[in-house]
Amino acid sequence: MKGIIGAVLGLLIGLFIFKISDKIIRYKCGKLDKEVPKPDIMSKMLKNLFILVHILLYIATYLIMSLTKAIFVGLFITIAVVGTIVDVYIHIIPNETVLFLLGTGVVYRIITEGISSFKGSLLGLLLVTGLFLGTGAIVYLMKGTIGVGAGDLKLAMAISIALGYPGTLYFLFGLAGAILGYLAMGYMSRTLVFGASFPMAGQIMAGFIAAFFFPYVV
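Residues 0 to 217, numbered by numbering that gives the first Met the number 0, are exactly what the sequence shown covers, in order.
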C-alpha cells in the first residue's frame, strides 16, 4: 500500500516538475536580466527520465521509510530534481532553493531527531565547509580558478544541516560517487574534456538523496 502511495505521489508531483522549474528559471532570468533559455536544451527522452527517476525514488522512499520520514524525503526528492533541472538550464543554484531546502531541513531534524540533533548538524556543516573550501583552494593553486561555486557551497551547507551526522558522511560518499560516475560517462562519450567545468547541482543533489538510503542498503 505504501509503495502505491509513493508511486501516485511521485507521478502526480513529477508531472509538474518541469512547470515548477520553468517558473523558477523565468523568475531568475528576469531578476538577473538574462535571456530565458530555449526549452529544447533538454530532450524529451531526458525529461521523461527525470520524471521516471522522481517516481522510482518516491516508491523506494515510501516502501522502506516511516510515513513521517517518507513525506520529508519525498519533498527533498522533488527539491533535488527541480534544482538539478534549473542548474542544467541556467547554471545557477537559486538562493531561494537553498533557503527552502534549509528551512525544510531544519523542520525535518526537529521532528525526526529532536533539537539535540543539531550538534550533528554543526559537525556536518564543519566537514562540508572544510572540504569544499579545501577543494576550492587546491583547484585555485592548480588552475588559477576557485573551481567551487558559491551556490554549490551554500547548497552543500544547507544539506549538511538537514542531514546532521553521520548523514553528512553518507552525503559526501554519494557526492563522490556521483561525480566519478558523471566524469566517467562524460569522458567515455567524449562530451567532457579533462579540466572542464560543469554544473554541480545534480551531483550534490544525488549525494543528498543517496544519504537517506545509505543506512538501508549498507
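All residues carry an ideal CB built from backbone N, CA and C; glycine is no exception. Since the model is a prediction, treat every value here as computed from it, not as a measurement.
G82 sits away from L162, with the two beta carbons spaced by 9 Å or more.
Taking a C-beta distance under 9 Å as the contact criterion, V85 and I76 do not qualify as a contact pair.
Note that the C-beta distance between G2 and Y61 is below 9 Å. Annotation for L171: the continuous alpha helix (DSSP H) segment containing it runs A149 to S188. DSSP, reduced to helix, strand and coil, places P38 within a helical segment of the structure shown. In this structure, the straight-line span from the alpha carbon of K27 to that of S116 is close to 34 Å. Rounded to whole angstroms, F211 and V72 show a C-alpha spacing of 8 Å. Under the 10 Å beta carbon count, L179 is surrounded by fewer than 16 other beta carbons and is classified as exposed. Burial state of I40 is exposed, judged by a 10 Å Cβ sphere holding fewer than 16 other Cβ atoms.
The Cβ atoms of G206 and I158 sit closer than 9 Å to each other.
Annotated as proximal: L56 and I208, with beta-carbon spacing under 9 Å. For G13, the uninterrupted alpha helix (DSSP H) run begins and ends at K1 to G13, by DSSP. Here the alpha carbon of P36 sits roughly 12 Å from the alpha carbon of K22. In this structure, I58 places its C-beta atom within 9 Å of the C-beta atom of G5. Considered as a whole, the region 48 to 126 harbours no complete run of any beta strand (DSSP E) with no fewer than 3 residues.
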